[in-house]
Amino acid sequence: MTTAAGVLLGPANPLFALIANLVAMAWTATVLHRYRPALAARWFRVRAWEERVWPRLGTGLLSTPLRAVGWNRVIAAQRQFDGTRAGLTDLARHTRASELSHLVVAILSALGGIVAAVCGNLRAALWLWLAAVVFHLHPVLLQRQLRARITRVRSLKSY
Numbered sequence: 001m002t003t004a005a006g007v008l009l010g011p012a013n014p015l016f017a018l019i020a021n022l023v024a025m026a027w028t029a030t031v032l033h034r035y036r037p038a039l040a041a042r043w044f045r046v047r048a049w050e051e052r053v054w055p056r057l058g059t060g061l062l063s064t065p066l067r068a069v070g071w072n073r074v075i076a077a078q079r080q081f082d083g084t085r086a087g088l089t090d091l092a093r094h095t096r097a098s099e100l101s102h103l104v105v106a107i108l109s110a111l112g113g114i115v116a117a118v119c120g121n122l123r124a125a126l127w128l129w130l131a132a133v134v135f136h137l138h139p140v141l142l143q144r145q146l147r148a149r150i151t152r153v154r155s156l157k158s159y
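Under the UniProt record's numbering, the sequence shown has 81 at position 81, and the numbering climbs by one with no breaks.
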């Protein structure tokens, strides 16, 4: 599908960057869901300062548009969080999987941008780099912010 988008639209078309990122996200999410890796690396441990910093950098800015287009309902259905303390473990795992998916695709998009730039297609490079930032930076920070809240709730004596 990505190859077809590249041929039909051309790699300098912003729709190509969008399609390439969507296809890559679907692929990484499917692989993570199918193979369920442990996702226990130190990288996933949220530091105490992160819960305060990410909102100040605007992690909440996209919440309203995402809610308006129904994206949050789609994600909530995928998470299947039941609102219980026991469900927090699965919710935390989902945030790690989502964070990893977005990081992988951001890296792929950035690398694609580098290849495009080296090949002289600066417009394609810029669209791919912009897609990496817009579609993946915010979700990574949002997942880390959510995981910080989960960690805080899990540490409470009574829930």
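Note that the Cβ used here is the ideal one computed from N, Cα and C, for glycine as well. The structure displayed is predicted, hence computed values, not measured ones.
Go through its chain and collect everything with a Cβ distance to residue i's Cβ below 7 Å, but skip five positions before and after it.
i	result
N121	P11 and A12
L32	A97, L100 and S101
T92	Here residue 92 turns out to be Ala, not Thr, going by the sequence shown. Same-chain partners within the cutoff: R147 and I150.
Measuring CA to CA, which of the options is closest to residue i?
i	options	result
F81	G70, V69 and H94	H94
T89	A117, E51, A20 and R152	R152
R85	W129, W43, R52 and R149	R149
A20	P37, W129 and P55	W129
Quick check: residue i and residue j, are their CB atoms within less than 9 Å of each other?
i	j	result
V69	R144	no
A24	V133	no
A124	A17	yes
L39	A76	no
Within the 9 Å Cβ cut-off, does residue i reach chain B?
i	result
L32	The structure shown contains no chain B, having only a single protein chain.
Apart from the five residues on each side of it in sequence, which residues of its chain come closer than 8 Å, Cβ to Cβ, to residue i?
i	result
R56	none
Contact between the region 27-35 and the region 100-112 (3+ Cβ pairs under 8 Å) | Cβ pair count under 8 Å is three or more, so yes.
Would the region 130-144 and the region 57-75 be scored as touching if the rule is three or more Cβ pairs under 8 Å?
-> These segments touch.
At which residue ranges does the region 80-129 contain complete beta strand (DSSP E) runs of 3 or more residues, listed in the order of the chain?
-> Whole beta strand (DSSP E) segments, 3+ residues: zero.
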